[in-house]
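*Asks:* Encoded as structure tokens, here's the structure I'll be asking about.
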Amino acid sequence: MMSSLTMGGLKETFYISHGSPTLSIDDSLPAHPFLLSFRQKVFSEKPNCILVISAHWETSEPTVNVINGPNDTIHDFYNFPKPMYQLKYPAPGAPELAKKVKKQLEEAGFKRVHEDKKRGLDHGAWVPLMLMYPEADIPVCQLSVQTNMDATHHYNLGRALAPLKKEGVLIFGSGSATHNLKTMQGTNDAVASWALEFDNWLKESLLTGRYEDVNHYEEKAPFAKLAHPWPDHFYPLHVAIGAAGENAKAELIHDSWTNYTLSYASYKFSEAT
Numbered sequence: 007m008m009s010s011l012t013m014g015g016l017k018e019t020f021y022i023s024h025g026s027p028t029l030s031i032d033d034s035l036p037a038h039p040f041l042l043s044f045r046q047k048v049f050s051e052k053p054n055c056i057l058v059i060s061a062h063w064e065t066s067e068p069t070v071n072v073i074n075g076p077n078d079t080i081h082d083f084y085n086f087p088k089p090m091y092q093l094k095y096p097a098p099g100a101p102e103l104a105k106k107v108k109k110q111l112e113e114a115g116f117k118r119v120h121e122d123k124k125r126g127l128d129h130g131a132w133v134p135l136m137l138m139y140p141e142a143d144i145p146v147c148q149l150s151v152q153t154n155m156d157a158t159h160h161y162n163l164g165r166a167l168a169p170l171k172k173e174g175v176l177i178f179g180s181g182s183a184t185h186n187l188k189t190m191q192g193t194n195d196a197v198a199s200w201a202l203e204f205d206n207w208l209k210e211s212l213l214t215g216r217y218e219d220v221n222h223y224e225e226k227a228p229f230a231k232l233a234h235p236w237p238d239h240f241y242p243l244h245v246a247i248g249a250a251g252e253n254a255k256a257e258l259i260h261d262s263w264t265n266y267t268l269s270y271a272s273y274k275f276s277e278a279t
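Note that the numbering used here has the sequence shown beginning at 7, numbered continuously upward.
What follows is the structure, given as structure tokens:
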């Protein structure tokens with residue numbers, strides 16, 4: 007069977023819940039072996055470039071990192087085990103992709119799109135990538151989220167980026183399906199009922215194609231503000247949905263929990279055939 011890459015680009019986008027930065031080294035977290043097996047079990051094509059929309063880069067207007075040479079590894083977390091700060095993911099920058107992202111967005115009506123020529127990869131990008139593509143040999147570009155804007159803005163960002171898939175660009179959002187640090191507890195197996203209710207609503211909405219509800223999750227979802235007091239970890243999902251195109255089909259590719267309220271639910275979105 008021919009891969010989707012040889013048949014005119016990629017057909018899929020992804021939303022990966024990266025949870026804690028320790029996901030990179032802690033193989034007791036169920037999402038760790040899931041991401042290690044990503045190429046074998048979920049997505050065998052090797053993309054030409056990767057575009058990551060990470061929860062950990064917030065700007066007032068869309069911004070891409072335009073990096074010539076290897077990306078720096080940003081250790082944007084505090085009071086974690088020392089080995090975490092020694093991890094490196096020196097994937098090449100993707101300056102040509104960054105320029106294309108900017109052009110696509112501007113042509114779609116986003117008036118101001120900025121370039122950052124210094125910023126490397128934050129842990130929302132390199133933590134999942136070092137498990138998914140450990141060789142660090144695929145060029146990577148990041149696009150920021152705008153937490154001053156709404157979910158529909160991010161869906162429309164994705165819509166504008168959809169044509170890049172034809173060029174073999176893997177587009178994925180990196181966040182967490184639920185993200186409320188104040189409600190997290192130790193590593194017991196229990197899950198808060200409100201977190202489960204929000205997570206189930208999200209799963210049902212995505213799997214039945216109710217993307218407009220997900221774009222208006224603050225009014226539609228149970229416990230939306232508790233699940234996401236700040237939208238930074240959710241907006242990458244909306245970009246991934248938008249980039250998958252009209253009537254895309256969603257599939258739950260991983261589901262696990264840690265710390266009472268942190269969902270690692272991850273999704274694949276496939277172009278409508």
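We put the CB at the ideal spot given by N, CA and C, even for glycine.
Report the option in Lys117, Tyr95 and Asn154 whose CA atom is closest to the CA atom of Ala131.
*Replies:* Residue 131 sits at position 125 when you count from the first residue of the sequence shown. The shortest C-alpha to C-alpha distance from Ala131 to any of Lys117, Tyr95 and Asn154 is the one to Tyr95.
*Asks:* Can the beta-carbon of Val48 be found closer than 8 Å to that of Gly164?
*Replies:* Counting from 1 along the sequence shown, the entry for residue 48 is found at position 42. Counting from 1 along the sequence shown, the entry for residue 164 is found at position 158. Not a contact, by the Cβ cut-off of 8 Å.
*Asks:* Determine which residues share a DSSP beta bridge with Pro53 and list them.
*Replies:* Numbered from 1 along the sequence shown, position 47 holds the residue referred to as residue 53. For Pro53, which the question treats as bridged, DSSP gives no partner whatsoever.
*Asks:* Looking at the unbroken beta strand (DSSP E) that takes in Glu121, where does it start and where does it end?
*Replies:* Stepping through the sequence shown from its first residue, residue 121 is reached at position 115. In the DSSP annotation of this structure, the continuous segment of the beta strand (DSSP E) that includes Glu121 starts and ends at His120 to Asp122.
*Asks:* Name the residue from Ser23, Val107, Asp122 and Lys123 whose alpha carbon lies nearest to the alpha carbon of Phe116.
*Replies:* As a working note, residue 116 is residue 110 in the sequence shown. Selected option, being the one with the closest Cα: Val107.
*Asks:* With 16 other CB atoms within 10 Å as the buried threshold, where does Gly75 fall?
*Replies:* Locating residue 75 in the sequence shown gives position 69, counting from the first residue. Looking at its Cβ environment, which holds fewer than 16 other Cβ atoms inside 10 Å, Gly75 is exposed.
*Asks:* Is Leu135 closer than 8 Å to Val146 when the C-beta atoms are compared?
*Replies:* Indexing the sequence shown from 1 puts residue 146 at position 140. Indexing the sequence shown from 1 puts residue 135 at position 129. Yes, they are a contact pair.
*Asks:* With a CB to CB cut of under 6 Å and the five nearest residues on each side skipped, what residues in its chain are close to Ala282?
*Replies:* Since the first residue shown for the chain is 7 and the last is 279, residue 282 is missing from the structure and cannot be characterised.
*Asks:* Note down the Cα distance separating His120 from Glu64, rounded to an integer number of angstroms.
*Replies:* Taking the first residue of the sequence shown as 1, we reach residue 120 at position 114. Taking the first residue of the sequence shown as 1, we reach residue 64 at position 58. So the alpha carbons of these two residues sit roughly 13 Å apart.
*Asks:* Quick test of your reading: His239 and Ser182, contact by CB under 8 Å. State the CB separation rounded to the nearest angstrom.
*Replies:* Start at 1 with the first residue of the sequence shown, and residue 239 comes out as number 233. Start at 1 with the first residue of the sequence shown, and residue 182 comes out as number 176. With 8 Å as the limit, His239 and Ser182 qualify as a contact, their Cβ atoms being about 4 Å apart.
*Asks:* So, does the region 38-52 touch the region 205-225, judging by three or more C-beta pairs under 8 Å?
*Replies:* no
*Asks:* So what's Glu18 in DSSP terms, helix, strand or just coil?
*Replies:* Within the sequence shown, the letter at position 12 stands for residue 18. Note: Glu18 maps to strand in three-state DSSP.
*Asks:* By the DSSP assignment, the alpha helix (DSSP H) with Asn206 in it spans what residues?
*Replies:* Locating residue 206 in the sequence shown gives position 200, counting from the first residue. Per DSSP, Asn206 belongs to the alpha helix (DSSP H) from Ser199 to Leu213.
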